[in-house]
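Q: I have a structure I would like to understand better, so I am pasting it below and will then ask my questions one at a time.
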Amino acid sequence: MTLDQLKPGSQARIVHLAARDKLGQRLMDMGIYPGLRLEIVRNAPLEDPLEILLDGYYVSLRHEEARFVEVERL
Amino acid sequence: MTSKDRQAALAGQPNCGKSTVFNALTGASQHVANYPGVTVDKLVGSFRHNGTKVELVDLPGTYSLTSYSPEERVTRDFLLHEKPGLVINVADASNLQRNLYLTFQLLEMDVPLILNLNMIDVAKARGHEIDAEKLSRRLGVPVLPTNMKSGQGKKELLEAVSGTIARAEGRTSRIDYGDIESFIRELVDVLSAEPALADRYPLRWLAIKLLEEDREAQRLLVDGHPEADRVLADASAKRKAFEAAYGKTPEQHVAGRRYQAAADVAASAVGRSDLGKRPFSDRIDGIVCNRYLGPLILVGVVYLLYYLSIVQGYNLTNYTWPLLARLRTLVEALAPAPGFIEIPLIRAFALWFVDSINALLNYIPIFFILFGLIAILEDSGYMPRMAFIMDRLLSRYGLHGQSTLPMVLGGVYVGGCAVPAVMSCKGIPDERSRLATILIIPLLNCLAKVPLYVLLINIYFAQHKGLAMFFISTISLLFALPISKILTLTVLKDKETTPFIMEMPPYHLPTVRGVLVKAWRRVWLFLKKITTIVAAVAVVIFVLLQFPGLSAERLADYNGRKDQAVAAFMAAIQGTRFAGRIQEDHLMDLVGYWDEYKDAKMTAGNQAALDELKQRFEARDPDFYRIVQPGGDQEAQKANRAFKKLDRSRREILMAMRQERLNQSFLGRLGQAIEPVTRFAGFNWRVNVALLSALAAKESSVATLGALYQQEGSGQSLEQRMAEGEKGFSSLAALALMLFMVLYPPCVATTIAVKLQSGSARWMLFSMFYPMILGLAVATLVYSGGLALGLDGRQAMYAFYGLALAVTVAMGLIKNRAQTA
Numbered sequence: 002m003t004l005d006q007l008k009p010g011s012q013a014r015i016v017h018l019a020a021r022d023k024l025g026q027r028l029m030d031m032g033i034y035p036g037l038r039l040e041i042v043r044n045a046p047l048e049d050p051l052e053i054l055l056d057g058y059y060v061s062l063r064h065e066e067a068r069f070v071e072v073e074r075l
Numbered sequence: 015m016t017s018k019d020r021q022a023a024l025a026g027q028p029n030c031g032k033s034t035v036f037n038a039l040t041g042a043s044q045h046v047a048n049y050p051g052v053t054v055d056k057l058v059g060s061f062r063h064n065g066t067k068v069e070l071v072d073l074p075g076t077y078s079l080t081s082y083s084p085e086e087r088v089t090r091d092f093l094l095h096e097k098p099g100l101v102i103n104v105a106d107a108s109n110l111q112r113n114l115y116l117t118f119q120l121l122e123m124d125v126p127l128i129l130n131l132n133m134i135d136v137a138k139a140r141g142h143e144i145d146a147e148k149l150s151r152r153l154g155v156p157v158l159p160t161n162m163k164s165g166q167g168k169k170e171l172l173e174a175v176s177g178t179i180a181r182a183e184g185r186t187s188r189i190d191y192g193d194i195e196s197f198i199r200e201l202v203d204v205l206s207a208e209p210a211l212a213d214r215y216p217l218r219w220l221a222i223k224l225l226e227e228d229r230e231a232q233r234l235l236v237d238g239h240p241e242a243d244r245v246l247a248d249a250s251a252k253r254k255a256f257e258a259a260y261g262k263t264p265e266q267h268v269a270g271r272r273y274q275a276a277a278d279v280a281a282s283a284v285g286r287s288d289l290g291k292r293p294f295s296d297r298i299d300g301i302v303c304n305r306y307l308g309p310l311i312l313v314g315v316v317y318l319l320y321y322l323s324i325v326q327g328y329n330l331t332n333y334t335w336p337l338l339a340r341l342r343t344l345v346e347a348l349a350p351a352p353g354f355i356e357i358p359l360i361r362a363f364a365l366w367f368v369d370s371i372n373a374l375l376n377y378i379p380i381f382f383i384l385f386g387l388i389a390i391l392e393d394s395g396y397m398p399r400m401a402f403i404m405d406r407l408l409s410r411y412g413l414h415g416q417s418t419l420p421m422v423l424g425g426v427y428v429g430g431c432a433v434p435a436v437m438s439c440k441g442i443p444d445e446r447s448r449l450a451t452i453l454i455i456p457l458l459n460c461l462a463k464v465p466l467y468v469l470l471i472n473i474y475f476a477q478h479k480g481l482a483m484f485f486i487s488t489i490s491l492l493f494a495l496p497i498s499k500i501l502t503l504t505v506l507k508d509k510e511t512t513p514f515i516m517e518m519p520p521y522h523l524p525t526v527r528g529v530l531v532k533a534w535r536r537v538w539l540f541l542k543k544i545t546t547i548v549a550a551v552a553v554v555i556f557v558l559l560q561f562p563g564l565s566a567e568r569l570a571d572y573n574g575r576k577d578q579a580v581a582a583f584m585a586a587i588q589g590t591r592f593a594g595r596i597q598e599d600h601l602m603d604l605v606g607y608w609d610e611y612k613d614a615k616m617t618a619g620n621q622a623a624l625d626e627l628k629q630r631f632e633a634r635d636p637d638f639y640r641i642v643q644p645g646g647d648q649e650a651q652k653a654n655r656a657f658k659k660l661d662r663s664r665r666e667i668l669m670a671m672r673q674e675r676l677n678q679s680f681l682g683r684l685g686q687a688i689e690p691v692t693r694f695a696g697f698n699w700r701v702n703v704a705l706l707s708a709l710a711a712k713e714s715s716v717a718t719l720g721a722l723y724q725q726e727g728s729g730q731s732l733e734q735r736m737a738e739g740e741k742g743f744s745s746l747a748a749l750a751l752m753l754f755m756v757l758y759p760p761c762v763a764t765t766i767a768v769k770l771q772s773g774s775a776r777w778m779l780f781s782m783f784y785p786m787i788l789g790l791a792v793a794t795l796v797y798s799g800g801l802a803l804g805l806d807g808r809q810a811m812y813a814f815y816g817l818a819l820a821v822t823v824a825m826g827l828i829k830n831r832a833q834t835a
């Protein structure tokens with residue numbers, strides 16, 4: 002499944018990044034890379050974007066960007 | 015030691031406290047410069063330690079060093095080409111692993127490095143114990159922990175900087191990239207066959223970047239290698255071979271290894287006792303980003319920002335305006351004195367110039383408060399939350415979550431200012447959204463558009479004032495959003511976009527110093543860059559409004575009217591005791607005396623001051639005083655009446671001359687020349703002239719209309735005069751005029767800001783012309799369409815509002831170009 006399908010409160014491990022170039026690089030540079038555990042914290046008031054907790058810091062991204070992050074639910 | 019060796023640079027990820035370090039090290043000695051070709055600010059400061067003067071460059075905060083964003087390109091280019099003597103890598107100690115990801119990339123670029131672990135107190139509070147010595151051994155660079163907010167560790171950092179900067183660096187660690195190492199080595203061998211290249215760039219870094227197919231690195235190779243094509247083909251083949259063998263791209267692999275190395279190093283040097291408690295910031299976000307409370311809080315913050323800066327700042331200008339008025343008085347006194355009807359050109363120009371500059375300087379209290387509040391929002395960490403809440407709505411129109419603040423400043427409801435709004439677009443990371451935001455801000459309702467709305471609503475929509483005001487306040491947003499979408503789909507469609515991915519940093523308490531420094535820096539930028547250019551443009555507008563001036567024939571005519579008025583006055587005082595006292599040639603003395611007395615009386619606060627004033631004027635000239643203040647003296651009353659009549663005649667002649675000069679001027683002729691076109695929008699030539707003169711500053715549209723509709727000797731208000739004087743000017747034409755004002759081109763100050771923020775004169779010109787054409791089209795649609803359908807102003811207003819709303823909703827539904835992987 003992909004990151005945009007997860008509900009707030011759920012935890013997951015990143016399996017694969019399907020994005021390349023700018024989006025893929027940006028995801029990795031912000032610390033979103035395969036093997037890492039994350040938690041969905043909340044959605045924005047209008048659903049999009051969503052906020053996730055990585056290793057001690059918080060990052061928000063749009064659902065259309067989260068589509069490219071393949072995860073497995075923990 | 016060359017000067018380059020004494021140059022140090024600050025590098026680090028966003029939110030690591032880098033600007034605190036920069037301020038703490040350099041104090042007040044900073045200035046803003048530009049990197050060539052981009053709109054990224056370059057902050058430069060300096061400090062002296064142990065007799066060594068060090069120039070410190072604050073590089074933009076970046077998470078990585080790719081070539082995908084202007085900030086990263088600027089940082090990388092600086093390190094590659096300027097080769098600073100030392101790089102101080104500021105890292106957030108509480109987020110060590112992610113920060114080390116950048117540290118490893120800096121090390122790869124072979125720059126002499128010091129690692130500054132900032133915010134060590136935050137790390138401690140989170141239960142992280144960092145062994146700086148161990149970290150230093152693992153990385154091979156000095157590691158200095160600091161808490162710059164309190165100044166802890168600053169001395170040691172300075173010692174390390176002046177110590178390291180003087181000598182060559184030791185051995186630093188390098189990451190073992192595992193599977194890809196053999197590919198890197200082979201490519202390095204190929205590259206080292208060209209010795210000139212090795213002198214200029216770190217080859218291992220270049221090899222990795224070429225395997226990653228980094229555009230800028232490829233360009234460096236093309237510039238520096240005679241057989242670049244062959245090397246590029248080689249790198250490309252290696253990249254394909256790696257991908258085929260390992261099922262991932264080199265950049266994915268490299269990033270993964272970097273994080274692994276960072277995790278290793280962090281694990282060995284940081285003792286973590288997880289406190290298992292939800293961070294305070296996240297608990298705040300539970301409220302601030304809450305589905306229902308979040309938007310409410312946002313509206314509250316926006317209202318407070320608006321209230322404190324625009325409303326209270328405006329009140330503050332009541333205290334600062336007298337200072338500017340004193341400047342004007344000074345100029346008035348120094349300029350050549352006016353004649354009875356001849357105003358010397360130098361005097362007219364000097365006063366015009368001062369008025370133009372004062373109009374801008376008057377905004378400084380507002381700007382100072384505004385920039386201070388923005389700095390508080392930035393430093394506290396609320397800005398990303400604002401973007402988080404608004405992004406969904408704004409991104410539908412090609413804007414960005416971070417367009418919220420600029421739009422609020424520009425006047426989302428009524429009363430903003432486009433200058434700070436455009437200047438605050440700097441923070442929007444997405445180039446396309448940033449340009450879209452910059453281009454639609456002038457469509458919002460800035461303070462200067464309001465007087466014309468109020469004037470027209472009071473005349474033509476007097477029965478429905480509230481409704482009309484609501485219409486005009488919200489219609490601007492219904493223009494801005496669809497137009498932004500249209501621009502995004504057309505002229506901006508090929509502009510660079512950036513993923514939204516944004517860190518939500520912990521909340522911080524802003525420091526007074528940090529806020530004041532930022533506010534002052536921005537006000538100074540406004541003064542330096544914008545006011546100077548506005549001054550230059552004021553000269554041009556003056557020429558357009560003044561020349562070619564009145565013909566000799568017309569001047570003779572006015573002189574004839576003057577002579578008549580003067581003769582009437584002299585005849586009236588004939589036979590009084592003032593007759594011999596006042597000569598025809600010295601009439602101006604009396605005029606000056608009269609004006610001064612009236613002005614002084616206005617500002618006299620109480621009875622005692624008034625009495626003192628009267629005594630002073632009486633002592634100066636008893637005869638003049640009698641004419642001004644006749645009391646029961648019959649002869650003096652007669653002279654007083656005669657003089658009042660003369661004074662009125664003089665003002666009428668001056669006004670008529672000014673009006674005629676304006677009509678005859680280049681701008682006036684243009685207004686008349688375009689009347690055949692603007693007729694369909696309901697504008698006659700007088701309105702055209704008013705609109706053209708408003709190009710310098712919109713406030714003047716009402717003043718020019720006032721001058722054009724001036725009728726001799728009438729005590730009527732401008733409202734009454736316009737309503738009477740223009741039978742053909744209907745509520746429909748007024749509506750068209752208001753809509754044109756909404757879409758009016760930005761003022762000179764704003765266009766300069768657009769040039770600074772978009773980095774190009776082309777966009778500046780575009781921002782001036784597209785609203786003009788669009789405004790004329792809309793006004794024509796409303797006026798000619800309304801006429802054809804037989805609508806009055808109010809009906810046309812409802813119809814147009816419905817249309818605009820429908821277009822806005824429809825535009826929101828059109829899909830943006832999908833994100834490509």
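Protein chains in written order, with my numbering: chain W, 2 to 75; chain Y, 15 to 835. The beta-carbon is built from N, C-alpha and C at its ideal position, and this holds for glycine as well.
Report the three-state DSSP secondary structure of I33 (chain W) (helix, strand or coil).
A: coil
Q: Could you tell me the alpha carbon to alpha carbon distance between V70 (chain W) and K507 (chain Y), rounded to whole angstroms?
A: 26 angstroms
Q: Shortest alpha-carbon distance to D228 (chain Y) belongs to which of Y:L246, Y:E241 and Y:R214?
A: Measuring C-alpha to C-alpha distances from D228 (chain Y) to each of Y:L246, Y:E241 and Y:R214 identifies Y:L246 as the nearest.
Q: If I measure Cβ to Cβ from F61 (chain Y) and keep anything under 8 angstroms in the same chain, skipping five residues before and after, which residues do I get?
A: Cβ neighbours of F61 (chain Y) within its own chain (closer than 8 angstroms, five residues either side excluded): L39, T40, G41, S43, K67, V68, L70 and L172.
Q: Can you confirm whether the stretch 277-289 of chain Y touches the stretch 137-157 of chain Y when touching is taken to mean that 3 or more C-beta pairs between the two stretches lie within less than 8 angstroms?
A: yes
Q: Give, in chain order, every residue of the stretch 17-32 of chain W whose Cβ lies closer than 8 angstroms to some Cβ of chain Y.
A: L18, A19, A20, R21, D22, K23, L24, G25, Q26, R27, L28, M29, D30, M31 and G32
Q: Excluding the five sequence neighbours on either side, which residues of its own chain have a C-beta within less than 7 angstroms of the C-beta of P264 (chain Y), listed in chain order?
A: I194, L225, E226, R253 and F256
Q: I'd like to know if the stretch 591-599 of chain Y and the stretch 794-807 of chain Y are in contact, where contact means that at least 3 CB-CB pairs between them fall below 8 angstroms.
A: no
Q: Answer with buried or exposed for T418 (chain Y), where buried requires no fewer than 16 other C-beta atoms within 10 angstroms of its C-beta.
A: Classification for T418 (chain Y): buried.
Q: Do you know how far the Cα of K163 (chain Y) is from the Cα of L116 (chain Y)?
A: 23 angstroms
Q: Helix, strand or coil for S61 (chain W) per DSSP?
A: Of the three classes helix, strand and coil, the one that applies to S61 (chain W) here is strand, per DSSP.
Q: Hey, how far is the Cα of Q648 (chain Y) from the Cα of L681 (chain Y)?
A: 50 angstroms
Q: Check C460 (chain Y) in the structure and name its three-state DSSP category.
A: strand
Q: DSSP state of A42 (chain Y), grouped into three classes?
A: coil
Q: Measure the beta-carbon distance from L75 (chain W) to R38 (chain W) and round it to whole angstroms, keeping in mind my assumption that it falls under 8 angstroms.
A: 7 angstroms
Q: Which word fits V175 (chain Y), buried or exposed, when buried means at least 16 other C-beta atoms lie within 10 angstroms of its C-beta?
A: buried
Q: By the 10 Å Cβ neighbour count, where 16 or more other Cβ atoms means buried, how is E122 (chain Y) classified, buried or exposed?
A: buried
Q: Along the chain, where does the alpha helix (DSSP H) that runs through H63 (chain Y) open and close?
A: Looking at the DSSP string, H63 (chain Y) is not in any alpha helix (DSSP H); the run it does join, the beta strand (DSSP E), is D55 to H63.
Q: Buried or exposed: where does K32 (chain Y) fall if 16 or more other Cβ atoms within 10 Å of its Cβ makes it buried?
A: buried
Q: Can you name, in chain order, every residue of its own chain whose Cβ lies under 6 angstroms from the Cβ of V125 (chain Y), other than the five neighbours on each side?
A: L93 and V101
Q: If the criterion is Cβ atoms closer than 7 angstroms, does the pair A767 (chain Y) and V422 (chain Y) meet it?
A: With a cutoff of 7 angstroms on beta-carbon distance, A767 (chain Y) and V422 (chain Y) are scored as not near each other.
Q: Where are the alpha helix (DSSP H) runs, 4 residues long or more, that stay fully inside the stretch 160-205 of chain Y, in chain order?
A: 168-180
Q: By the DSSP assignment, the alpha helix (DSSP H) with Q629 (chain Y) in it spans what residues?
A: Q621 to R634
Q: Against chain W, with Cβ distances strictly below 7 angstroms, would M400 (chain Y) count as a contact?
A: no
Q: Beta-carbon separation of G238 (chain Y) and T186 (chain Y) under 7 angstroms?
A: no
Q: Quick one: which chain W residues come within Cβ less than 8 angstroms of P28 (chain Y)?
A: The premise fails here: P28 (chain Y) is roughly 10 angstroms from chain W at the closest Cβ pair, so nothing lies under 8 angstroms.
Q: Applying a beta-carbon distance threshold of less than 9 angstroms, which residues of chain W neighbour S78 (chain Y)?
A: Q26, R27, M29, D30 and M31
Q: So, does the CB of Q833 (chain Y) fall closer than 7 angstroms to a CB anywhere in chain W?
A: Unreliable positioning characterises Q833 (chain Y) in this predicted model, as indicated by a pLDDT of 46, which lies under 50. The coordinate reading is nonetheless provided below. With 7 angstroms as the cut-off, Q833 (chain Y) counts as an interface residue toward chain W.
Q: With distance defined between alpha-carbon atoms, name the residue in Y:V426, Y:G480 and Y:I442 nearest to L457 (chain Y).
A: Of the listed residues, the one whose Cα sits closest to L457 (chain Y) is Y:V426.
Q: Nearest by alpha-carbon distance to L564 (chain Y): which of Y:L158, Y:P350, Y:V716 and Y:R672 is it?
A: Y:R672
Q: Is I403 (chain Y) helix, strand or coil when you go by DSSP?
A: Three-state result, I403 (chain Y): helix.
Q: Given 8 angstroms as the limit, is there contact between the stretch 565-578 of chain Y and the stretch 624-641 of chain Y, that is, 3 or more CB pairs closer than that?
A: no
Q: Provide the residue span of the alpha helix (DSSP H) that contains Q111 (chain Y), from first to last.
A: L110 to E122
Q: Using a Cβ cut-off of 7 angstroms, pull out every chain W residue sitting near N109 (chain Y), in sequence order please.
A: G57 and Y58
Q: In three-state terms, what does DSSP make of E71 (chain W)?
A: strand
Q: Name the chain W residues that come within less than 9 angstroms of E445 (chain Y), Cβ to Cβ?
A: The premise fails here: E445 (chain Y) is roughly 12 angstroms from chain W at the closest Cβ pair, so nothing lies under 9 angstroms.
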